[in-house]
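Heads up: the sequence shown begins at 12 in my numbering, then just goes up one per residue. Heads up, the beta-carbon is just placed ideally off N, CA and C, and yes, glycines get one too. Each remark here refers to the structure printed beneath this line.
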Amino acid sequence: MTITDTQAAVSTDDPFSTEILEDPLPFQQRLREAGEVVRLEKYDVHAMGRYETVRSALVNWQEFQSAAGVGLSNFTREKPWRPPSLLLEADPPHHNAPREVLAKVLSPRSIRALEPMWADDAERLVDDLLGGPLEFDAVPELAEAFPLRVFPDAVGLPGSDRDHLLPYGDHLFNTFGPENSLVQRGAQRAPELSAWVNAQCSRESLAATGFGADIWAATDRGDITTAQAPLIVRSLLSAGVDTTVHAIGAVLHAFATHPAQWEALRSDPRLARRAFDEAIRLESPVQTFFRTTTRDVELDGTVIPEGHKILMFLGSANRDPRRWDNPDEFDLSRDPSGHVGFGMGIHQCVGQHVARLEAATLITALARRVRTIELSDRPRRHLNNTLRAWESMPVRVTLA
Ligand code: OVV
């Protein structure tokens with residue numbers, strides 16, 4: 012990275028290259044060191060990697076809009092590959108009604124009734140798994156199995172084909188980046204998966220109870236229109252599965268590599284929620300989102316012109332030593348609140364209470380039965396333009 016006379020620092024790195032997706036940490040450190048804003052030459056966008064800068068941009072929706080898309084593509088110039096999300100890809104005033112409806116559907120109060128059911132489901136999944144070999148791959152057996160068991164039921168999806176949700180989400184999160192080979196590979200199945208997801212969003216295809224039905228009930232009250240409801244259901248199906256799968260993968264990896272923290276959790280299971288947020292901070296399953304400037308914005312002596320894309324590195328902010336002591340440590344004695352892994356401000360993850368409940372019920376069930384958990388082989392990364400994920404995580408456990 013070089014500093015030019017009057018402009019922002021410039022980087023020639025490609026954060027969406029295989030090499031940096033495999034291990035983004037050295038790049039993120041260079042980004043934070045280079046300055047508050049850094050120009051990424053390859054994509055003609057600006058990037059932010061420091062906690063305070065990222066946080067300030069996240070809460071400043073007036074100057075850093077989402078409505079032009081939160082990926083590299085600028086919706087004011089390029090046609091989006093699917094109709095824009097009414098939540099993710101919208102700003103006030105259009106954002107308000109969908110957000111209020113979904114926030115109520117997914118509120119801590121509304122989801123409280125799920126806790127005993129999910130605790131039972133978690134216990135059954137863990138019991139079944141531990142009845143078999145004590146060496147297994149924690150990605151399919153736990154990180155994928157649990158969300159795919161409980162979340163589609165909570166939405167009210169009818170029976171089959173639920174395994175379409177993961178590849179759909181994976182492709183969607185790839186499309187926030189450039190059109191590289193990850194996007195090209197996913198594009199083959201995208202029409203089929205997209206048609207399937209859209210078909211699940213109608214009132215008739217959803218169960219009479221569940222998050223889907225709750226969203227549709229808001230049309231009866233006039234809180235949202237019947238044209239908006241299916242797109243809000245689509246947001247649930249888009250953002251609700253891959254994110255929680257990879258977040259659970261992150262917390263399992265953290266415990267498998269930090270035995271003292273697993274001990275701490277086992278002696279105080281109330282730490283499950285903190286562990287989940289600490290893992291979100293450390294791994295940031297959603298690594299990046301873009302914003303688009305609505306006017307010329309001056310930052311640290313650099314003018315970012317109106318209509319420019321800004322790439323915010325949530326994962327880098329969550330490991331910024333300017334904000335966190337020993338940022339690379341998974342440490343249950345720290346308070347991870349304030350991390351930007353769920354974003355911040357008006358777009359902050361509306362499903363975070365659901366995600367915490369899923370993770371906490373699974374971690375609690377594991378803590379009861381598993382005395383030790385360790386990696387039995389090298390875990391393998393799953394590459395995605397936006398998500399930080401594991402493809403495979405072989406573990407060995409001993410029973411309590
Ligand atoms: C946060 C997020 C990710 C992906 C999709 C959506 C939201 C959506 O609203 O469709």
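### Task
Could you tell me whether the Cβ atoms of A411 and R380 are closer together than 7 Å?
Yes, the Cβ-Cβ distance between A411 and R380 is below 7 Å.
### For P158 and P37, the rounded distance between their alpha carbons
31 Å
### Task
Would you be able to state if there are at least three C-beta pairs under 8 Å between the region 49-57 and the region 326-344?
no
### Task
Determine, using beta carbons only, whether W72 and I321 come nearer to each other than 7 Å.
no
### Task
Flag this pair as yes or no: are the beta carbons of D132 and R173 separated by less than 7 Å?
Contact flag unset, no.
### Message
Using only the alpha-carbon positions, how far apart do V406 and A130 sit?
### Response
23 Å
### Task
Please classify P397: does DSSP put it in a helix, a strand, or coil?
Sequence check: residue 397 is Thr here, not Pro. The answer is coil: DSSP assigns T397 none of H, G, I, E or B.
### Pair within 7 Å by beta-carbon distance, A108 and I259
no
#### Entry: Own chain residues within Cβ distance below 8 Å of S121, not counting five before or after
K115, D225
### Query
Does the Cβ of T236 have 16 or more other Cβ atoms within 10 Å, making it buried, or fewer, making it exposed?
exposed
### Message
I need the straight-line Cα distance from I374 to T397, nearest angstrom please.
### Response
25 Å
#### Entry: Whole-angstrom distance between D388 and W2, CA atom to CA atom
What is shown of the chain runs 12 to 411, which leaves residue 2 out entirely.
### Query
Would DSSP call D16 helix, strand or coil?
Model confidence at D16 stands at a pLDDT of 42, short of 50, so the residue's coordinates are unreliable; what they give is reported in the following sentence. Three-state result, D16: coil.
### 4-residue-minimum alpha helix (DSSP H) runs that sit fully inside the region 254-306, ordered along the chain
Entirely contained in the region 254-306, the alpha helix (DSSP H) runs reaching 4 residues are, in chain order, 270-278, 283-294.
### Task
If I'm right that S6 touches H269 with Cβ under 8 Å, what's the distance once you round it to whole angstroms?
Residue 6 falls outside the range modelled here, since the chain spans only 12 to 411, and no answer is possible.
### Message
Which same chain residues end up closer than 8 Å to T220 when comparing Cβ atoms and leaving out the 5 residues on each side of it in sequence?
### Response
G167
### Residue from D55, L204, G143 whose Cα sits closest to the Cα of A20
D55
### Task
Label M128 either buried or exposed according to how many other C-beta atoms from any shown protein chain fall within 10 Å of its C-beta, with 16 as the threshold for buried.
exposed
### Query
Since L263 and A149 are thought to touch, with beta carbons under 8 Å apart, how far apart are those beta carbons, to the nearest angstrom?
5 Å
### Message
Within 10 Å of its beta-carbon, does D253 have 16 or more other beta-carbons around it, so buried, or fewer, so exposed?
### Response
buried
### Message
Measuring straight from C-alpha to C-alpha, what distance separates V244 and A228?
### Response
12 Å
### Task
Using a threshold of 7 Å, state whether the C-beta atoms of Q40 and T305 are closer than that.
no
### Query
Given a threshold of 16 other Cβ atoms within 10 Å of its Cβ, counted over all protein chains shown, does N395 qualify as buried or as exposed?
N395 comes out buried.
### Task
Would you mind stating whether H393 and E402 have Cβ atoms separated by less than 7 Å?
Yes.
### Task
Measure the alpha-carbon distance for A255 versus A154 and round it to whole angstroms.
In the sequence under discussion, the amino acid at residue 255 is Thr, which differs from the Ala named in the question. T255 and A154: Cα-Cα distance of roughly 8 Å.
### Where the beta strand (DSSP E) through E63 begins and ends
Per DSSP, E63 belongs to no beta strand (DSSP E); it is in the alpha helix (DSSP H), 62-70.
### Task
Name, in chain order, the residues that DSSP records as bridge partners for L322.
A58, F301
### Message
Assuming P5 is part of the alpha helix (DSSP H), what are its boundary residues?
### Response
It is not possible to answer for residue 5, since the shown part of the chain is limited to 12 through 411.
#### Entry: Length of the line joining the Cα atoms of E317 and V308
7 Å
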